[in-house]
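Heads up: the structure comes next, in structure tokens.
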Amino acid sequence: ELEQGEEEHNRNYASARHMAALFEEYVITATEEATAMLKSHETLKQQVESSEKLISILAEKIVTMVGTQANKVKEFEEIQVGHQTKIADIDQKQKELTHKVNQLKHNEKQSQSHTPRSHRATRTIGQGGGFGG
Numbered sequence: 345e346l347e348q349g350e351e352e353h354n355r356n357y358a359s360a361r362h363m364a365a366l367f368e369e370y371v372i373t374a375t376e377e378a379t380a381m382l383k384s385h386e387t388l389k390q391q392v393e394s395s396e397k398l399i400s401i402l403a404e405k406i407v408t409m410v411g412t413q414a415n416k417v418k419e420f421e422e423i424q425v426g427h428q429t430k431i432a433d434i435d436q437k438q439k440e441l442t443h444k445v446n447q448l449k450h451n452e453k454q455s456q457s458h459t460p461r462s463h464r465a466t467r468t469i470g471q472g473g474g475f476g477g
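Going by our numbering, the first residue of the sequence shown is number 345, and it counts up by one from there.
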């Protein structure tokens with residue numbers, strides 16, 4: 345009975361040692377997996393932070409580009425308005441000059457119709473003709 349008790353004790357002891365070894369292996373494996381998960385989580389966290397920084401930089405560049413383009417559009421519109429103003433000024437000057445030319449033509453016709461023919465011919469000959477003027 346004593347031997348039987350000792351065998352049972354040895355079996356229980358071996359079984360307990362085996363369970364302890366299995367538990368130790370489980371704890372080591374679980375710890376390694378948890379450590380790997382934490383490292384992976386930390387890596388992901390760093391990647392997210394890096395991505396957020398890149399997104400922030402890109403957003404800032406986009407805002408700058410949009411602002412620059414908006415300024416170029418404003419400048420273009422100002423130039424366009426300036427050109428339209430110049431065109432309007434030129435059109436107005438052309439109308440004024442056309443009016444002056446028409447006035448001069450009208451005045452010339454008026455003066456010709458009031459001057460006697462013989463007078464006109466004499467004046468023309470006398471001013472540039474070759475009859476001793």
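C-beta: ideal position from N, C-alpha, C; glycine also.
For residue i, the first and last residue of its enclosing alpha helix (DSSP H)
i: residue 351; result: 346-458
8 Å CB neighbourhood of residue i in its chain, flanking five on each side removed
i: residue 385; result: none
i: residue 433; result: none
Any C-beta of chain B under 8 Å from that of residue i
i: residue 434; result: No chain B is part of this structure, which consists of one protein chain only.
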